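Residue numbers (the working numbering), protein chains in the order written: chain A, 99 to 219; chain B, 99 to 219. All residues carry an ideal CB built from backbone N, CA and C; glycine is no exception. Being a predicted model, the structure only gives us computed values, none of them experimental. What follows is one structure encoded as structure tokens, with my remarks underneath.
Protein chains: 2
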Amino acid sequence: MTRQRAAILQVLRSDKCHHTAEEIFDLAKEILPTISRATVYNNLKALEDEMLIRRIVTEEGGARYDSSYIPHGHLFCSECGGIFDFTIPEFHKAIEGAADCVVDSYELKIRGVCSACRKNA
Amino acid sequence: MTRQRAAILQVLRSDKCHHTAEEIFDLAKEILPTISRATVYNNLKALEDEMLIRRIVTEEGGARYDSSYIPHGHLFCSECGGIFDFTIPEFHKAIEGAADCVVDSYELKIRGVCSACRKNA
DNA sequence: TAATAAATCTAGAAACATTCTAAAATGTGA
DNA sequence: TCACATTTTAGAATGTTTCTAGATTTATTA
């Protein structure tokens, strides 16, 4: 656990956003001004291997990082641009039946309108 | 509908693979040797806007193209590397309830072992 | 058919996110 | 402290996708 890795974890856990690598780099620089991009990428990869964070890929192809590794769904709101977490109970079993497979992990992305934006409309 | 676009659609519909843009470019070149990369990308984007094909992004961040636009799940087999389609009946309603949202589209990616690989093991 | 306009294509340059490389810095155990 | 392994840094390199400018094709009208 180096200072650099601690700074990256601190950034990830400071709020509930799902940041891009570049955003994490910028925020980590506020803590450690000399940190380099490669260090951010290396540590994000290491943290994902250690199952401490999860990398999620948006529909556009860019990566974002989730401070939790536990599999859950992500709602990408088309109104506010927010990314919201949710879980479906018994989801593993449902998709194992539908896909006829043993599920190691899953990533469910929804494009839609979140309840807050729906109420404001 | 130009010859180029027809060639790209022909490649996409010739088999059940989920090709990358580069693979589609190479295969389209066998039909139209002078076709350019930008044409392939432009047409893939146009075809997705027209809801004739669907772009899916892998866990690694690379894009692959599905010859069907109808939303369905994708199983990425960790043994054979194949990408397999599947559907879950009533899935829209289930995730709308769990995520408290109105679903426009979804993309469900599973990492696991397909039934064929499971039988061979 | 000829002239014109609009859309599309091509080739290569540019942009972007990510990975690699080699050297410098840091941490660890004897 | 010394040697060794690990990590970091800065910038170059890579791979994918987009942009650009000019050429080609297609469609339209006379």
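Asked	Found
Cutoff 8 Å; reference residue 123(B); Cβ partners in own chain excluding five residues on either side	133, 135, 138
Touch test, the segment 163 to 172 of chain A against the segment 101 to 118 of chain A, Cβ-Cβ under 8 Å, three pairs minimum	yes
Minimum Cβ-Cβ distance from residue 207(B) to chain A less than 8 Å	yes
8 Å Cβ cutoff, residue 193(A) in contact with chain B	yes
Opening and closing residue of the alpha helix (DSSP H) in which residue 191(B) lies	189 to 197
Residue range of the alpha helix (DSSP H) that includes residue 167(B)	First-last for residue 167(B): undefined, no H or E at that position.
Residue 206(A) (DSSP reduced to helix, strand or coil)	strand
Sheet register partners of residue 183(B) (DSSP bridge)	172(B)
Coarse secondary structure for residue 220(A), derived from DSSP in three states	It is not possible to answer for residue 220(A), since the shown part of chain A is limited to 99 through 219.
Reference residue 200(B), options 206(B), 207(B), 192(B), closest by Cα	192(B)
Cβ distance (whole Å) where residue 53(B) is taken to contact residue 211(B) below 8 Å	Only positions 99 to 219 of chain B appear in the structure, and residue 53(B) is not among them; the question remains open.
Per-residue burial, residue 105(A) [other beta carbons within 10 Å of its own, 16 or more giving buried]	buried
Terminal residues of the alpha helix (DSSP H) in which residue 126(B) lies	119 to 129
Assigned exposure category for residue 152(A) - 16 Cβ within 10 Å defines buried	buried
Exposed unless 16 or more other CB atoms sit within 10 angstroms - verdict on residue 217(B)	exposed
Residue 171(B), buried or exposed, once every other Cβ within 10 Å from all chains shown has been counted against 16	buried
Contact set between residue 198(A) and chain B, taken where Cβ atoms lie within less than 8 Å	184, 212, 213
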